[in-house]
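This note's numbering puts the first residue of the sequence shown at 457, with every later residue one more than the last.
Where is the CB? At the ideal position from N, CA and C, for every residue including glycine.
None of the values given here were measured: they were computed from a predicted structure.
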Amino acid sequence: MSDRKPTQPEQLTDRLFATERNPEDFRFDASVARVFPDMIRRSVPGYTTIIPMIEVITEQYVQPGSHCYDLGCSLGASTLAMRHGIPYGDCTLVGVDNSGAMIERCEHYIALDDHELPVTLRCEDILATELSQASVTTLNFTLQFVPPEQRLDLLTRIADATLPGGVLILSEKIRFEADSEQDTQTRLHHEFKRANGYSDLEISQKRSAIENVLIPETLSAHRERLMNAGFDQVLVWYQCFNFVSMLAIKNP
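What follows is the structure in structure tokens.
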């Protein structure tokens, strides 16, 4: 067996939409996986705050002997945050993603992390993955890519699998009821991306590629669905422009 330590995957600058390209829907393929850390940092306001706070929240809600899930784990940023927030050696941490390219690179990041808690990675559909005895589950900008008609079923499965006192951390891009607020929040988000080096062409082309894949909903729609799914309390703990993170809690 080789003693050679794993090396960090090469991280590239996101230039996927920097030149004119034929319109096509956004996919989490190998080209996206290579630039994903840069893409999400420069595209999602507050992402660099949300990730470390997932560790804090996990530490508050994790229960001994329970399971913890990161559904739509991509390269494992939230998985690793959860890992460092779990103080119990008898917990199980599972990351799930249906992109083989993401899981392959995620394995490298997990291997590089110096934490004793094992992490199981599943390359499968979160709509079908097995869930049970969960104290903490994360959907970090994942639900927005699930077809709207399948979202309640997924959240109901998560709620049914969540232990009393457990939590779902749900981060989403949202839309707003009032057109004026939607216009303002969208403009501010675009200015955030410009400030991070994206050109108008990149912003426009990515928006065209993702608009049929990422379907945002209002905060009230999220609250209502989470309550209908079986959670007892829903609260927003973070918001920046049109990006929010919520806690959906099961009563003890």
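Inter-residue spacing [alpha-carbon to alpha-carbon] between residue i and residue j
i, j, result
"D688", "N668", "32 Å"
"A685", "I705", "11 Å"
"R436", "D553", "Any question about residue 436 goes unanswered here, given that the chain covers just 457 to 708."
"P501", "N698", "9 Å"
"R663", "H645", "12 Å"
"S555", "D639", "33 Å"
"Y565", "I510", "17 Å"
"L583", "D609", "8 Å"
"I666", "T593", "25 Å"
"V602", "V575", "24 Å"
"Q516", "R539", "13 Å"
"F648", "Q695", "14 Å"
"L703", "L691", "5 Å"
"I671", "C524", "26 Å"
"Q606", "M683", "16 Å"
"T504", "P543", "23 Å"
"N707", "P604", "26 Å"
Nearest candidate by alpha-carbon position, reference residue i, set the options
i, options, result
"T512", "L644, V623, H523", "It is worth fixing the name first, because residue 512 is Val in this sequence and not Thr. Nearest C-alpha to V512: V623."
"A557", "M538, L599, A634, G532", "G532"
"F597", "N707, I506, T514", "I506"
"G541", "P520, E628, E605", "P520"
"S676", "E628, M495, Y503", "E628"
"L518", "A537, R561, S530, T612", "First, the amino acid is wrong: residue 518 is Val here, not Leu. Ranking A537, R561, S530, T612 by Cα distance to V518 puts A537 first."
"I496", "H678, N652, W693", "N652"
Integer-rounded CB distance, given that residue j should sit under 8 Å from residue i
i, j, result
"S701", "L599", "Wrong, their Cβ atoms sit about 12 Å apart, outside the cutoff."
"I745", "T585", "Outside the displayed range of the chain (457 to 708) lies residue 745, so it cannot be described from this structure."
"L611", "R681", "6 Å"
Original post:
How about the segment 541 to 551 and the segment 606 to 624: do they share at least three Cβ pairs that are nearer than 8 Å?
Top reply: Touching, no.
Original post:
Do the segment 584 to 604 and the segment 568 to 576 meet, that is, are 3 or more Cβ pairs less than 8 Å apart?
Top reply: The segment 584 to 604 is not in contact with the segment 568 to 576.
**OP:** Go through the segment 610 to 675 residue by residue and report every complete run of the beta strand (DSSP E) that reaches 3 residues or more, in order.
**Re:** If only uninterrupted beta strand (DSSP E) runs of at least 3 residues are considered, those enclosed by the segment 610 to 675 are 618 to 629.
Subject >> Complete alpha helix (DSSP H) runs within the segment 509 to 556 (minimum length 4 residues, chain order) >> reply: Runs of the alpha helix (DSSP H) lying entirely within the segment 509 to 556 and spanning at least 4 residues, in chain order: 533 to 541.
Original post:
At what residue ranges does the segment 576 to 604 contain a whole run of the alpha helix (DSSP H), taking only runs of 4 or more?
Top reply: Counting only runs of 4+ residues, no alpha helix (DSSP H) is found wholly inside the segment 576 to 604.
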